[in-house]
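Reading through the structure tokens given below for one structure.
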Amino acid sequence: MTDTLRRWLVDTIAEHTGITPEPDHPLGDYGLSSRQAVGIAADLEERLGRRLPATLLWESPTIDHLVRTLTGADEPAARPGTDRRRTDPIAVVGLGCRFPGADGPDEFWDLLRAGRDAVRTAPPGRWSAEAAPVVGGFLDDVAGFDAEHFGITPREAATMDPQQRMLLEVTWAALEHAGIAPVSLRGSRTGVFTGIATHDYGHLTMTGGAPDLWTATGAAGSIAANRLSYVYDLRGPSMAVDTACSSSLVAVHHAVRALRDGDADLALAAGVNLMLLPGPTAAFAAAGLLAGDGRCKTFSAAADGIARAEGCGVVVLKRLADAECDGDRVLAVIRSSAVNSDGRSNGLAAPNPAAQQAMLRDAYRSLDPSTVDYVEAHGTGTLLGDPIEARALGAVLGTGRRPDAPLLIGSVKTNIAHAEAAAGIAGVIKVVLSLQHGELPPQLHFAAPNPHIPFGELGLRVVTEPTPWPRRGGRAVAGVSAFGFGGTNAHVVLEEAAPPGAAADGSPLETAARQNGGIRIGLLSARTHDRLTERAAQLAAWLDSPAGRRSSPADVTHTLFRRDNHGPHRA
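Going by our numbering, the first residue of the sequence shown is number 143, and it counts up by one from there.
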């Protein structure tokens, strides 16, 4: 019935429009008029013998969606009860990222582990040295985008903020990392929570002529999450979060709450930041907020301000019970999160020590603070902010610790600079990778400690060299902090995942490997032959990288094995 109906719909629409539509392509892109849509709906009524709304084709944007609607397969699933415990653990099942010096989680870990500094001069053509300081955490090729892969026309792609384009690409990579075929999520109650606070592209496009619908949706910050929900056909909550530098960690908090409350069955929490105009950087420099050498020297005596950075990160989240039931690879577990505001402090942009302590106590309300091994600090490298953050950490998490077992702290900003709306998600990904590898990477630019921070008295120590994760008898626990420019504070508590049990031996991947004499076969697919060639080259390069060489065959084929055949070109 389904295949017959699909073929009949394709033929009927072709008869009315002269165009043979692809089953998964938006009908609106074919220039379907309202008169044609009403005529097709009338033909459907006659064929199916039941009354249908004249707006049917506008409510079902693709042939596949129309088939699901007509067969009842698109009816929303019954929502789970909302009496879930607020402390239910949430599993991190996938990571995607693009940060200075690193394209993907494996490259990011190699950068962190090696203690590399990814700060550099701006790429050629970004802006002139006369316009603003040109040292920071920059990405290459922020304009590149495979529009055809996402079913987006070249004209619309040109109007889209590159932050939206990057979110689409990094989200795809995160879902693949999780072993989830993006096409399998169509119509699902997947939530999208995206931190975004910079809107440079909107200023560029809105000053270039009369705006149209595409420039409006391409420039709007709110569309950053909605674009993901639209392209991937996700039906859960979809919201952009702008709390400045805490945006992406607040997005993680909302994603966790949506999963626990039953508003979503899967959640994408993300953050993105690009610097496309010199104005904001010049304003920071004029206000004396930028570090002279473009480096964040967190908790250091040399701290002299922030350095700006670009980046994008996405984490894929599920309720832990669901992840275990689905056989997902659990990378880490989110135990708790908290968000609050500074309220009335000594200035709108001035941190509030009491508010930071209150937030930390709220985040650890169901956990023993003494079990926390490490905190990925907000740590921008400012004279005021660093001592306040350190004192709050010491007051809540450092009290009563033995001198030989202090709370370890550090900041990824010393590697890549301050990625602003993507800073919190960068910290989360760093901690997840550290938990997986059982090691804490070194913080950079810490020749001498900040004299205004009594580290010993507070029970704190900065990680300055690769350090095995301190084992205190239970699972490793870490926190991640982010503070917004206007006073929105956030903290997320992560715990290492339970070691894989015997059930892992019965996974579909391992079962198939045994049946094929230990040989694992993976599928590469793409919408175009050129894209398939590119993907194959990327896989080959990764296999030859340090991360690829140290990966097991199961790691290499984990994602490929579980993908749906979503591209017509395959290898």
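Positions of the beta carbon are idealized from the N, C-alpha and C atoms, including for glycine.
Exercise. If you draw a straight line from the alpha carbon of W251 to that of L199, how long is it in whole angstroms?
Worked result: Translated into the one-based positions of the sequence shown, residue 251 becomes position 109. Translated into the one-based positions of the sequence shown, residue 199 becomes position 57. Distance between the alpha carbons of W251 and L199: 47 Å.
Exercise. Hey, how far is the Cα of H291 from the Cα of P324?
Worked result: Taking the sequence shown and counting its residues from 1, one reaches residue 291 at position 149. Taking the sequence shown and counting its residues from 1, one reaches residue 324 at position 182. Approximately 12 Å between the Cα atoms of the pair.
Exercise. Going by other Cβ atoms of all chains shown within 10 Å of its Cβ, with 16 needed for buried, is G542 buried or exposed?
Worked result: Against the sequence shown, residue 542 aligns to sequence position 400. Exposed, by the Cβ-count rule.
For this session: Could you tell me if L651 is buried or exposed, where buried requires 16 or more neighbouring beta carbons within 10 angstroms of its beta carbon?
Result: Taking the sequence shown and counting its residues from 1, one reaches residue 651 at position 509. Unreliable placement is indicated for L651, whose pLDDT of 46 sits below 50; no coordinate value is reported for it.
Problem set entry | Proximity below 7 Å, CB of H319 to CB of G243 | As a position in the sequence shown, residue 319 is number 177, starting the count at 1. As a position in the sequence shown, residue 243 is number 101, starting the count at 1. Against a cut-off of 7 Å, the Cβ pair of G243 and H319 comes out as no contact.
For this session: Would you mind working out which of I338, T336, A358 sits nearest H345, comparing C-alpha positions?
Result: Counted from its first residue, the sequence shown places residue 345 at position 203. Taking the Cα of H345 as reference, the smallest distance to any Cα among I338, T336, A358 is reached at A358.
For this session: Please report how far the alpha carbon of R677 lies from the alpha carbon of L666, in whole angstroms.
Result: By 1-based counting over the sequence shown, the position of residue 677 is 535. By 1-based counting over the sequence shown, the position of residue 666 is 524. For R677 and L666, the distance between alpha carbons rounds to 8 Å.
For this session: State buried or exposed for G598, treating a residue as buried only when at least 16 other CB atoms are found within 10 Å of its CB.
Result: Numbered from 1 along the sequence shown, position 456 holds the residue referred to as residue 598. So G598 counts as exposed.
Problem set entry | Cβ-based burial, N488 [other Cβ within 10 Å; buried from 16] | Residue mapping note: residue 488 aligns to position 346 of the sequence shown, counting from 1. Its Cβ having fewer than 16 others within 10 Å, N488 is exposed.
Exercise. In chain order, what residues of the same chain lie with their CB nearer than 7 Å to the CB of T653, ignoring the 5 residues before and after it?
Worked result: The residue labelled residue 653 in the question sits at position 511 within the sequence shown. Confidence at T653 is low in this model, with a pLDDT of 46, below 50, so its placement is unreliable and no value can be given for it.
Problem set entry | V284 beta carbon less than 7 Å from that of G436 | For this step, residue 436 is matched to residue 294 along the sequence shown. For this step, residue 284 is matched to residue 142 along the sequence shown. Their beta carbons are not under 7 Å apart, which means G436 does not touch V284 by this criterion.
Exercise. Can at least three beta-carbon pairs, one atom from the region 616-634 and one from the region 475-484, be found at a separation below 8 Å?
Worked result: Cβ pair count under 8 Å is three or more, so yes.
Exercise. Between the region 527-537 and the region 440-452, do three or more beta carbon pairs fall short of 8 Å?
Worked result: Flag = yes, the region 527-537 and the region 440-452 touch.
For this session: Just grab the DSSP bridge partners of E581 for me.
Result: Stepping through the sequence shown from its first residue, residue 581 is reached at position 439. According to DSSP, which records beta bridges pairwise, E581 is partnered with P610.
For this session: Identify, in the order they occur along the chain, each residue of the same chain with its Cβ nearer than 6 Å to the Cβ of H396, setting aside the five sequence neighbours on each side.
Result: Start at 1 with the first residue of the sequence shown, and residue 396 comes out as number 254. If you ignore the 5 residues before and after H396, its C-beta comes within less than 6 Å of the C-beta of F335, all in its own chain and listed in chain order.
Exercise. With contact counted as at least three CB pairs below 8 Å, one residue from each stretch, are the region 389-404 and the region 272-280 in contact?
Worked result: Note that the region 389-404 does not touch the region 272-280; fewer than 3 beta-carbon pairs, one per stretch, sit closer than 8 Å.
Exercise. For L199, does the three-state DSSP call read helix, strand or coil?
Worked result: The count along the sequence shown starts at 1 and reaches residue 199 at position 57. In this structure, L199 counts as helix in the three-state DSSP scheme.
For this session: Could you have a look at L408 and say whether DSSP puts it in helix, strand or coil?
Result: If you number the sequence shown from 1, residue 408 lands on position 266. Three-state result, L408: strand.
For this session: Determine the DSSP secondary structure at T224, reduced to helix, strand or coil.
Result: Position 82 of the sequence shown, counted from the start, is the residue given in the question as residue 224. Confidence is the limiting factor: at T224 the pLDDT is only 41, short of 50, which leaves the residue's position unreliable, though a coordinate-based value still follows. T224 sits in coil when the DSSP states are folded into three classes, being neither helix nor strand.
Exercise. Taking only runs of the beta strand (DSSP E) that begin and end inside the region 340-425, which ones reach a length of at least 3 residues, in chain order?
Worked result: Note on the region 340-425: whole beta strand (DSSP E) runs with a minimum of 3 residues are 380-383, 408-415, in chain order.
For this session: Compute the distance between the beta-carbons of A406 and A400, then report whether it is under 7 Å.
Result: Along the sequence shown, read from residue 1 onward, the residue named residue 406 stands at position 264. Along the sequence shown, read from residue 1 onward, the residue named residue 400 stands at position 258. Contact flag set, yes.
Exercise. Where E272 and F426 are concerned, what is the direct C-alpha to C-alpha distance, given to the nearest angstrom?
Worked result: Position 130 of the sequence shown, counted from the start, is the residue given in the question as residue 272. Position 284 of the sequence shown, counted from the start, is the residue given in the question as residue 426. In this structure, the straight-line span from the alpha carbon of E272 to that of F426 is close to 15 Å.
Exercise. Are the CB atoms of K572 and V235 nearer to each other than 7 Å?
Worked result: As a first step, residue 572 must be located in the sequence shown, where it is residue number 430. As a first step, residue 235 must be located in the sequence shown, where it is residue number 93. Here K572 is not near V235, since their CB atoms are 7 Å or more apart.
Exercise. Okay, do the region 614-625 and the region 510-529 touch, 3+ Cβ pairs below 8 Å being the bar?
Worked result: The region 614-625 is in contact with the region 510-529.
Exercise. Can you tell me the Cα-Cα spacing of G648 and A156, whole angstroms?
Worked result: Along the sequence shown, one-based indexing puts residue 648 at 506. Along the sequence shown, one-based indexing puts residue 156 at 14. Because the pLDDT of G648 is 41, which lies under 50, any placement of that residue in the model is unreliable, and the number read from its coordinates should be weighed accordingly. Between G648 and A156, the alpha-carbon positions lie close to 47 Å from each other.
Exercise. If you draw a straight line from the C-alpha of R227 to the C-alpha of S508, how long is it?
Worked result: For the purposes of this step, residue 227 is identified with residue 85 of the sequence shown, where counting begins at 1. For the purposes of this step, residue 508 is identified with residue 366 of the sequence shown, where counting begins at 1. Because R227 carries a pLDDT of 48, less than 50, the predicted location of this residue cannot be relied on, and the following value inherits that uncertainty. Cα to Cα, the separation comes out at about 12 Å.
Exercise. Based on Cα-Cα distance, which residue from S687, Y506, Q499 lies nearest to S479?
Worked result: On the sequence shown, residue 479 is found 337 positions in, with the first residue counted as 1. It is Y506.
Exercise. What does a CB cutoff of less than 6 Å around G378 pick up in its chain, not counting 5 residues either side in sequence?
Worked result: Within the sequence shown, the letter at position 236 stands for residue 378. Closer than 6 Å at the Cβ level, and outside the excluded window around G378, lie R331, T332, G333, A406.
Exercise. Which residues in the same chain as I558 place their Cβ atom closer than 6 Å to its Cβ, once the five residues preceding and following it in sequence are excluded?
Worked result: Here residue 558 refers to the residue found at position 416 when the sequence shown is read from its first residue. Answer for I558: F241, P242, A260, G279, A451, listed in chain order.
For this session: Tell me whether D686 counts as near the ligand NAD, meaning its Cβ is closer than 6 Å to at least one heavy atom of that ligand.
Result: Among the components of this structure there are no ligands whatsoever, and the ligand NAD is therefore not found.
Exercise. For G521, which option in A449, P422, G257, M302 has the closest C-alpha, if you only look at C-alpha atoms?
Worked result: The residue labelled residue 521 in the question sits at position 379 within the sequence shown. Of the candidates A449, P422, G257, M302, the one whose C-alpha sits nearest the C-alpha of G521 is A449.
For this session: Quick one: give me the first and last residue of the alpha helix (DSSP H) that N494 is part of.
Result: As a working mapping, residue 494 is identified with position 352 in the sequence shown. Taken as a continuous stretch (DSSP letters only), N494 belongs to no alpha helix (DSSP H), as it is neither H nor E.
Exercise. Under the three-state reduction of DSSP, which class applies to K439: helix, strand or coil?
Worked result: As a working mapping, residue 439 is identified with position 297 in the sequence shown. It is coil, neither helix nor strand.
Exercise. If we ignore side chains and look at the alpha-carbon of each, how far apart do T211 and T263 end up?
Worked result: Within the sequence shown, residue 211 is the residue found at index 69, counting from 1. Within the sequence shown, residue 263 is the residue found at index 121, counting from 1. Those two C-alpha atoms are separated by around 52 Å.
Exercise. Rounded C-beta distance between Q305 and A366? I'm assuming under 8 Å.
Worked result: Counting from 1 along the sequence shown, the entry for residue 305 is found at position 163. Counting from 1 along the sequence shown, the entry for residue 366 is found at position 224. Right, the Cβ-Cβ distance comes to about 6 Å (below 8 Å), so this counts as a contact.
Problem set entry | According to DSSP, residues forming a beta bridge with A480 | Translated into positions along the sequence shown, residue 480 becomes position 338. Answer is H633.
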